[in-house]
Each structure stands twice: as structure tokens, then as C-alpha cells.
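> Numbering of the sequence shown is given in full-length UniProt numbering, commencing with residue 1 and proceeding in unit increments.
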Amino acid sequence: MPSKHTYPLEPWCIRETAFDTASHFLDETLFALGNGYIGLRGTHEEGYTGPAGTSLDGTYLNGFYESEAIHYPEAAYGLAKTNQFMLNVPNAKGIALWLEDERFDPLQGTLNSYERMLDFRTGVLRRVLEWTSPQGRRVAIASRRLVSMTDKHLFAIEYEVTPLNFSGKVVLVSSVDGAVKNLEAGDDPRVGSAISGQSLALVDAEQAPHFSALTQRTVNSGFQLVSAVQTEMRGVFELAQRRDGADGQRLEQVYTVAAMQGEAIRLNKYGSYHSSRDYPEAELLPRARATLAAAADKGFRALAQEQEHYLADFWQHADVEISGDDALQQGMRFNQFHLLQSAGRDGKTNISAKGVTGEGYEGHYFWDTEIYIFPFFLYSKPEIAKSLLEYRYAGLPLARERARQMSHAKGALYPWRTIAGVECSAYYPAGTAQYHINADIAYSIKLYMEATRDEDYLLQYGAEIVLETARIWMGIGAYDRAGRYCINEVTGPDEYTALVNNNYYTNAMARMHLNFAASIAERLAQEQPEAFARIAALVQLDADEVPQWRRAAARMLLPYDEALQIHAQDDSFLDKKVWDFAGTPKEHYPLLLNYHPLVIYRHQVCKQADVVLALLLLSDEFKPEDKRRDFDYYEKVTTHDSSLSSCIFSIIAAEVGYQDKAYDYFMETARLDLDDTHGNTHYGVHTAAMAGTWMGVAYGFAGMRVVDGAVRFAPTLPKQWRHYQFKLHLQGCLLQVRVEAGRTEYTLLHGDALAFSHRGQPVALSAGDYVKELA
Ligand code: BGC
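(1) Got a list of residues with beta-carbon closer than 6 Å to any non-hydrogen atom of ligand 1, in chain order?
(2) Could you check which residue in G245, L107, L202 and T231 has the C-alpha nearest to that of S272?
(3) What separation, rounded to the nearest whole angstrom, lies between the Cα atoms of K719 and Y372?
(4) Given a threshold of 16 other Cβ atoms within 10 Å of its Cβ, counted over all protein chains shown, does G34 qualify as buried or as exposed?
(5) Which residues bound the beta strand (DSSP E) around K381?
(6) Keeping to the same chain, check which residues put their C-beta closer than 6 Å to that of R738; ignore five residues upstream and five downstream.
(7) If you count every other CB in all the chains shown that lies within 10 Å of the CB of T110, and 16 or more means buried, which is it?
(8) Can you tell me where the beta strand (DSSP E) holding F19 begins and where it ends?
(9) Would you mind working out which of W721, L396 and A689 sits nearest D660, comparing C-alpha positions?
(10) Leaving out the 5 sequence neighbours to the left and right, which residues in its chain are closer than 6 Å to G492 when beta-carbon positions are compared?
(11) Going by C-alpha distance, which of D101, F104 and M117 is nearest A32?
(12) In the DSSP output, what is W131 paired with across the bridge?
(13) Applying the criterion that 16 or more other CB atoms from any shown protein chain within 10 Å of the CB defines a buried residue, is F581 buried or exposed?
(14) Closest to V180 by C-alpha separation, out of D204, A246, K152 and T132, would be which residue?
(15) Do the stretch 466-486 and the stretch 517-524 touch if we need at least three Cβ pairs shorter than 8 Å?
(16) Quick one, are the C-beta atoms of V707 and D620 less than 8 Å apart?
(17) Tell me the residue span of the beta strand (DSSP E) that contains L459.
(18) How many Å lie between L644 and M695 at the Cα?
(19) Under the rule that 16 or more other beta-carbon atoms within 10 Å means buried, what is H274, buried or exposed?
(20) Given this structure, state the Cα-to-Cα distance separating L541 from A533, to the nearest angstrom.
(21) Hey, Y72 and L61: beta-carbon distance below 8 Å or not?
(22) One question on the structure: do residue 778 and E359 come within less than 8 Å of each other, judged by their Cβ atoms?
(23) Can you tell me whether DSSP reads residue 780 as helix, strand or coil?
(24) Counting beta carbon pairs with one atom in the stretch 386-404 and one in the stretch 334-345, are three or more of them shorter than 8 Å?
(25) Would you list the residues sitting across from M233 in a DSSP beta bridge?
(26) Give me the Cα-Cα distance between T150 and W315, rounded to the nearest whole angstrom.
(27) What runs of the alpha helix (DSSP H), each 4 residues or longer, lie entirely inside the stretch 289-334?
(28) Can you round the beta-carbon distance between L87 and L200 to whole angstroms, since I take them to be within the 8 Å contact cut?
(29) On a CA-only basis, which of F337, R453, Q731 and Y427 is nearest D119? Give me that one, please.
(30) My output table needs one value for F701: the three-state DSSP class, helix, strand or coil.
(31) Anyone know if the C-beta pair for F85 and N182 falls short of 8 Å?
(32) What are the boundary residues of the beta strand (DSSP E) that includes A156?
(33) What's the C-alpha gap between A296 and A290?
(34) Within the chosen definition, does the stretch 156-165 reach the stretch 238-245 through at least 3 CB pairs nearer than 8 Å?
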């Protein structure tokens with residue numbers, strides 16, 4: 001495990017001032033750049049010669065995957081057959097530097113100074129260093145790198161080297177290297193894929209002065225990929241092309257310069273990726289050329305300006321300001337920045353558990369999107385939220401197919417984990433059994449409708465998804481002898497408890513889902529009969545289905561323990577033996593790496609929030625005293641081994657009045673990756689927890705809840721903070737909420753009118769009366 005790093009606490013950046021092999025692996029994740037499609041780990045242009053196992057020079061494309069058959073020594077009907085995993089694609093950022101016959105390597109010679117900074121406002125990774133070679137040549141190197149937020153296919157590097165105490169030959173070798181592999185799976189189920197060796201086969205390579213392009217093909221998924229680079233250098237130089245590496249998959253442009261002491265040499269490099277997931281094969285190379293030519297025309301500086309404008313707009317809508325707490329402020333913005341870098345926004349891709357920063361969880365999309373990440377985008381950058389929903393619509397045909405495989409005659413079942421829509425979960429007890437994924441998706445559509453009132457979306461896409469997915473509850477549920485509607489043999493969010501009957505979260509979310517589907521159907525039948533007729537015909541809705549949904553929802557079994565006066569996580573949870581927490585050594589956490597699943601399943605022990613998450617999502621279904629009792633009980637049996645847990649506990653702690661706990665849990669989430677508290681950030685950031693930080697402020701401290709479209713706040717201010725402030729896109733308006741000691745200020749920044757409530761008191765803002773200060 002890489003050593004942890006402490007960066008200076010700065011509000012708008014992370015900065016490292018030493019080149020440290022011990023933290024290198026981790027830094028590669030933290031300094032990664034991305035734009036929702038391309039992800040470049042924060043490795044250095046010149047490569048790395050540090051100890052084995054301290055680096056992963058990864059480049060990823062969101063949604064670009066290879067597939068592999070899943071082999072089960074003991075097969076069973078309906079198990080997921082194919083895995084899809086995000087590929088490590090050619091490394092196109094390489095720039096090797098030679099001073100006469102000495103290759104620049106920060107681990108040789110002397111690094112006189114070193115600084116690297118990732119600036120959240122510019123989106124540029126800047127590195128400045130000065131180095132003396134073993135033979136005494138001194139150089140200054142300054143580089144800047146960006147992955148364009150406005151062109152998903154493009155990244156750019158500006159690389160400048162200045163000889164400080166010599167004149168002589170300087171060689172810069174710009175490369176695109178196609179001989180890359182993914183990490184191989186070890187014992188940690190959260191890391192690596194089962195495939196070893198190279199997944200991309202060479203199709204073609206092309207080199208011309210300043211231009212190199214590699215065309216490769218994935219063996220099983222059958223995609224073609226063009227990885228191309230164009231370089232630019234001013235002044236006098238010699239240029240040669242070289243082909244190197246295994247199968248000649250490394251293409252180099254070699255620039256040789258007779259350098260003069262004190263004169264900077266600058267190389268600009270533009271890189272692009274285009275794949276047949278997006279375009280016909282014949283278009284890939286021409287598109288790569290066009291992208292690179294346009295970028296070179298603009299130049300690095302103009303691209304950097306574009307990037308800054310894009311981010312200025314993002315921060316104007318999304319920034320959460322926390323004053324009086326630098327560590328949290330940095331963590332918050334770091335998280336928001338990485339979320340923006342991670343989210344697919346083309347309707348074909350989504351946001352994976354690790355974004356595009358690493359190979360943990362194989363680039364898969366989970367419920368993390370809908371339940372954790374979606375609110376951040378919905379209220380801060382709604383167009384991205386919408387494209388996340390579009391992705392699910394695109395997956396509906398495969399979800400229908402999966403439902404048939406699972407013996408459901410009707411409806412659609414979304415995969416627990418996937419890239420292109422097929423179920424990729426090879427361990428069904430903590431995978432396919434999490435049927436709650438269907439309700440989670442419906443929940444996000446409900447949230448989207450309440451925040452945007454985008455009726456067109458509902459008619460075109462949303463209703464179809466909600467109706468189809470709701471049907472699954474009728475497929476897996478049944479009335480018991482007492483007439484209660486039961487959902488058996490499922491796994492709830494807590495993955496330390498599997499295959500149970502009547503998981504509270506699942507049943508309560510299913511009830512919400514069934515009622516939501518029924519209301520959509522009933523309302524559209526009334527208000528939009530033609531549109532409704534079209535949708536009903538499309539999904540072949542029978543007349544008796546909607547009443548059946550209402551009935552099942554009304555009779556849904558929601559386990560409650562009268563003796564303890566808490567909601568039971570499922571039918572059997574509270575009867576199990578409580579895990580021996582006192583007797584479990586610290587190094588045995590996370591439990592999943594140290595105990596057989598059956599040992600864990602036999603105990604009362606939670607990996608993450610389960611009932612406690614229901615307290616948040618279905619807030620009004622619980623009495624305040626119930627919330628507090630549930631929190632108290634489940635807190636004692638929860639390990640938070642999942643990074644999805646602390647943020648939810650923070651929010652509910654704030655609601656039930658445990659301010660210190662709220663703050664502590666929030667702190668754990670806000671700096672989870674920066675401080676590597678889960679010890680695995682080197683495999684990629686934790687996108688759900690990152691978004692959980694945003695929820696921690698809005699839902700937690702500001703007490704925001706949206707219930708059936710009605711928005712309310714109940715702000716509190718942690719004693720460690722002077723004030724905090726955030727913005728929300730709601731119903732076509734932009735609202736700013738600022739909380740100070742004893743005072744909350746609501747400002748309508750855009751829009752005509754917005755109504756909500758503050759501690760139960762109605763507030764109405766309008767263009768003419770746009771600020772309200774309340775105690
Ligand atoms: C959690 C899941 C989550 C997955 C991906 C697991 O550890 O238990 O809830 O979806 O990680 O983030």
C-alpha cells in the first residue's frame with residue numbers, strides 16, 4: 001500500500017513538493033485528469049523507474065471495454081456469462097528527454113526542486129522542476145497538461161525544457177505506446193480483471209512527420225480504437241520517426257535540438273482517442289486527424305483558456321464554499337472536480353465507481369450513480385444528470401432481456417454492475433440479488449422530475465423505464481399467509497448480509513417505486529391520454545397491472561421490531577449473533593478481505609448504511625424518534641467498510657441532532673481519497689463517496705429534503721465552520737443557500753419564482769423579492 005501524502009491545505013488545488021516513490025501510486029490517482037471520457041492517470045510524461053508495484057501508468061476511456069467469458073467451476077442457470085472491463089489503452093502522453101546521452105530520470109542525479117499542482121479552477125496539471133544529471137547537466141522543466149472538457153476526444157501537453165548550465169544536444173522523444181496491459185486480479189475482489197496480457201491487437205500504425213496513429217482492435221468486444229498524437233516544435237530541429245516496442249506498437253517522433261544554454265525548447269503535444277463505440281471504423285482516423293489539427297491550430301494556450309472558461313462556469317453553479325475549515329474546503333472541491341472529470345456525458349456512458357482514474361471495480365457502473373452521484377449533478381449541472389439517465393434508457397432492451405433470463409415474464413431488470421448494459425456481476429449474492437437497483441433508478445427519475453419538471457423526458461423515456469422496472473416487484477414478490485406483500489431472497493445495500501427476505505430498504509424502495517409507477521400511469525392516462533396510450537402499448541401494459549401495483553405497495557411488509565422499536569434490516573437480521581467487534585483486530589478490516597462471506601453473513605454486521613439510507617431517501621416515512629433509534633442501533637453494528645457508508649451516517653446524524661458525529665463522519669467522507677483513509681485510492685478515486693460529500697452539506701448540514709417535489713431546509717452550522725454556501729438548480733431557478741451562525745440567507749440568482757420551506761416556515765422568492773434572511 002502506498003504511503004499517505006499530506007498536501008498543503010489550499011482551497012483550490014492540490015500541490016506536491018517532493019517526488020516520492022512511496023506515495024507515487026497514490027499520487028497518480030489524485031493527480032489524474034479526465035473529462036468523463038478520457039482518463040489519464042497522473043503519471044509523468046518521462047515514465048517512471050521506481051520500484052515495482054509503485055506505479056500504474058493507466059489511460060482509460062470511459063465505456064471502452066473488452067469482454068471476457070466468466071468461467072464458473074460450478075455453473076448455474078442464469079449466472080452472468082460475460083464480464084466487461086474498462087481497458088488500459090495506449091499511453092499517448094509519453095515524452096522522454098535526453099541531454100546528450102543522459103536520460104532525464106528524477107530518480108537519478110539530483111532533483112534540485114520539484115512542484116506539481118492540480119488546479120481545480122484551470123483544470124490544468126502543472127509541474128515545474130529543476131534537475132542536475134549525474135554528469136552535472138542542469139535543466140529546468142516546466143510542463144502543463146489538460147484533458148479537454150469541451151472536446152471529449154482530446155488532451156494536450158505543453159512541455160518546456162531549458163538547459164541552465166550547458167549548450168548541447170537535447171533530444172525529446174514523443175511517443176504513443178500501444179503495448180499496454182490491465183492489472184491482473186489478485187485476492188482483492190475490488191481490483192483487477194481475470195484477463196492477463198494485452199487486450200488490444202495491432203491493426204495498423206501510421207507515422208508522418210509530427211503525427212503518429214495506432215489503430216488497434218479489441219479481441220472479444222470487437223471495437224476498433226485509434227490513438228493518435230500530433231506534436232509541434234518551433235525553431236531548428238531534426239525530426240525522425242521510430243517504431244519500437246513489442247510488435248512495433250510504440251511509435252516515436254524524435255526531435256533533436258542543438259540547444260543553447262538559457263534558451264527554452266518547447267514541445268506541444270496533442271493526443272486523441274476515437275473508437276468504434278462512437279463512430280464507424282472508417283471515420284476513426286479522419287476524425288483523429290481533424291481533432292488534432294483543430295487543437296494544434298488553437299494551440300495549448302487557447303485550449304487552456306477554453307478549459308478555464310468551462311470550469312469557471314462549472315464552479316459558478318457547483319461551488320460549495322466552506323469557510324473556517326481549509327481541510328474540508330480542499331476535500332470538497334477536490335471531490336467535485338473529480339466528479340466532473342469522471343462523469344460520462346454522451347448518453348452512452350455513465351460514471352464508474354472509480355471514474356476514469358484507475359482499474360478498481362473494472363470501470364463498472366453501479367447504483368452508486370443513481371443514489372449517490374446523481375443528486376450532485378442534478379442540482380449542480382443538470383445536463384450531465386440528464387445524460388446519466390439517457391444511459392439507463394439506452395440499457396433498457398438489455399434489462400428486459402435480463403429479466404427474461406431471470407424468469408420474469410414481464411418488465412426489466414437492470415444489471416448490478418455493467419459497462420454496456422449486461423450483468424457483469426459474477427458473485428450473485430452481492431450482485432444480481434441487489435434487485436434494489438431497479439428502484440434506485442426509478443428514484444433518480446423521480447428526483448429528476450421533481451427538480452426539472454421535464455415532462456418531455458418523462459413521456460419519451462422516463463415513464464417507460466419506471467413502468468418496466470416496477471413490474472419486477474410483482475415478479476419477485478408474493479403475499480404471505482397474512483396478506484402482506486413480501487420480497488424474498490434479495491440483498492439490500494449492506495453487502496455483509498445477503499439473500500434475505502424482506503430487506504427493509506428494498507421493500508420500502510419497491511413501495512415507493514410501485515406507487516410512483518402507478519401515479520405516472522394514472523396521471524398520464526388522465527392528462528395525456530394519447531401519449532399514455534403510446535407508452536402503454538409499447539410496454540403492453542395490462543389494465544389490471546396498475547391496481548396490482550397499488551395493492552402490493554399498500555400491503556408491503558416493512559419489518560419493524562416492536563421490542564427494540566427499530567426498523568429491522570430484514571426478517572432475520574436482528575436474530576443473528578452480533579459480530580464480535582471487540583475481539584476483531586484492526587487489521588482484520590475490511591472484513592471482506594479476512595473472513596469467508598458465510599462467516600460474515602451469519603452475523604449482525606453491516607458493511608454500509610442500509611436502513612439508515614432508507615431514513616434519508618424516504619425521509620417522511622419515519623418519525624424523528626424512529627430515526628434516532630435506528631441510527632443508534634445500526635451505528636453499533638456498522639463497519640463502514642464500504643466507502644458509501646460514512647456520508648449517509650453523517651447526514652442522519654445531523655438530522656437526529658448528533659452534531660459532532662455528523663461532523664466526524666462528514667470529515668471521513670470529504671477527505672477519503674485525499675487522505676487515502678480506505679487504503680486503496682491508488683486503484684482509483686471513490687466517486688460515490690465524493691458525491692456523498694456534496695450530499696453531506698446539502699442534505700446533512702443544510703437539512704435539505706425533497707419530498708414529492710416539495711423542497712425544505714433545516715440548516716445547522718458545524719461549530720468548526722464560520723459559514724457555508726452552495727447553489728442548487730431547482731425548477732428552472734438557481735438558488736443560493738448561505739448558512740452562518742444564527743442566520744440563513746436564500747438568494748434567487750436566476751429564475752422567476754421559487755417556493756420552499758425553512759424549518760417548516762414557507763418561503764417564496766421571486767425576481768422582485770429575491771433574498772430572504774431567516775433565523
Ligand atoms: C459497495 C457497493 C458499491 C460498490 C461500488 C461496494 O463495496 O458495497 O454498495 O456499489 O462497492 O462502489
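For each residue, glycine too, the CB sits at the ideal point set by N, CA and C.
For clarity, every value in this text was computed on a predicted model and none was experimentally measured.
From the atom records:
(1) A353, Y361, F366, W367, D368, P493, E495, K607, Q608, S642, L644 and A688
(2) Within the sequence shown, residue 272 is the residue found at index 272, counting from 1. Considering only alpha carbons, the answer is T231.
(3) Stepping through the sequence shown from its first residue, residue 719 is reached at position 719. Stepping through the sequence shown from its first residue, residue 372 is reached at position 372. Distance between the alpha carbons of K719 and Y372 is about 26 Å.
(4) The residue given as residue 34 occupies position 34 in the sequence shown. Buried, because 16 or more other Cβ atoms sit within 10 Å of the Cβ of G34.
(5) Residue mapping note: residue 381 aligns to position 381 of the sequence shown, counting from 1. That residue, K381, is in no beta strand (DSSP E); it is neither H nor E in DSSP.
(6) Here the question's residue 738 lines up with position 738 in the sequence shown. Same-chain partners within the cutoff: Q725 and E745.
(7) Start at 1 with the first residue of the sequence shown, and residue 110 comes out as number 110. Result: exposed.
(8) Taking the sequence shown and counting its residues from 1, the one referred to as residue 19 is at position 19. Counting along the chain, F19 falls outside any beta strand (DSSP E), and DSSP gives it neither H nor E.
(9) In the sequence shown, counting from the first residue as 1, residue 660 sits at position 660. Looking at the Cα atoms, W721 is the closest of the given residues.
(10) Working through the sequence shown from its first residue, we reach residue 492 at position 492. Excluding positions up to five away in sequence, the list reads N503, Y505, T506 and D610.
(11) Here residue 32 refers to the residue found at position 32 of the sequence shown. A32 has its Cα closest to that of M117, out of D101, F104 and M117.
(12) To locate residue 131, count along the sequence shown from 1; it is residue 131. The partner list for W131 (beta bridge, DSSP) reads L111 and V139.
(13) What you label residue 581 is simply residue 581 of the sequence shown in a count that begins at 1. It is exposed - the Cβ of F581 has fewer than 16 other Cβ atoms within 10 Å.
(14) Start at 1 with the first residue of the sequence shown, and residue 180 comes out as number 180. V180 has its Cα closest to that of A246, out of D204, A246, K152 and T132.
(15) yes
(16) For this step, residue 707 is matched to residue 707 along the sequence shown. For this step, residue 620 is matched to residue 620 along the sequence shown. Against a cut-off of 8 Å, the Cβ pair of D620 and V707 comes out as a contact.
(17) Here residue 459 corresponds to residue number 459 of the sequence shown, with the count starting at 1. Careful: L459 lies outside any beta strand (DSSP E) and carries neither H nor E.
(18) In the sequence shown, counting from the first residue as 1, residue 644 sits at position 644. In the sequence shown, counting from the first residue as 1, residue 695 sits at position 695. Looking at the two C-alpha atoms, the distance is approximately 12 Å.
(19) Reading the sequence shown from its first residue, position 274 is the one you call residue 274. Answer is buried; the Cβ neighbour count reaches 16.
(20) Position 541 of the sequence shown holds residue 541. Position 533 of the sequence shown holds residue 533. So the two alpha carbons sit approximately 9 Å from each other.
(21) Walking along the sequence shown from the start, residue 72 turns up at place 72. Walking along the sequence shown from the start, residue 61 turns up at place 61. In this structure, L61 does not lie closer than 8 Å to Y72 by Cβ.
(22) Missing from the structure shown is residue 778; the chain here goes from 1 to 775 and no further.
(23) Outside the displayed range of the chain (1 to 775) lies residue 780, so it cannot be described from this structure.
(24) yes
(25) Position 233 of the sequence shown, counted from the first residue, corresponds to residue 233. Its beta-bridge partners are L267.
(26) The residue labelled residue 150 in the question sits at position 150 within the sequence shown. The residue labelled residue 315 in the question sits at position 315 within the sequence shown. Whole-angstrom Cα-Cα distance: 15 Å.
(27) 300-318
(28) Here the question's residue 87 lines up with position 87 in the sequence shown. Here the question's residue 200 lines up with position 200 in the sequence shown. Confirmed, Cβ separation roughly 7 Å.
(29) Looking up residue 119 in the sequence shown gives position 119. That would be F337, whose Cα lies nearest to the Cα of D119.
(30) Taking the first residue of the sequence shown as position 1, residue 701 is located at position 701. Note: F701 maps to helix in three-state DSSP.
(31) Position 85 of the sequence shown holds residue 85. Position 182 of the sequence shown holds residue 182. Yes, the pair counts as a contact, with Cβ atoms nearer than the cut-off.
(32) Residue mapping note: residue 156 aligns to position 156 of the sequence shown, counting from 1. Note, A156: beta strand (DSSP E), L154 to P163.
(33) Walking along the sequence shown from the start, residue 296 turns up at place 296. Walking along the sequence shown from the start, residue 290 turns up at place 290. Straight-line Cα distance between these residues: approximately 10 Å.
(34) no
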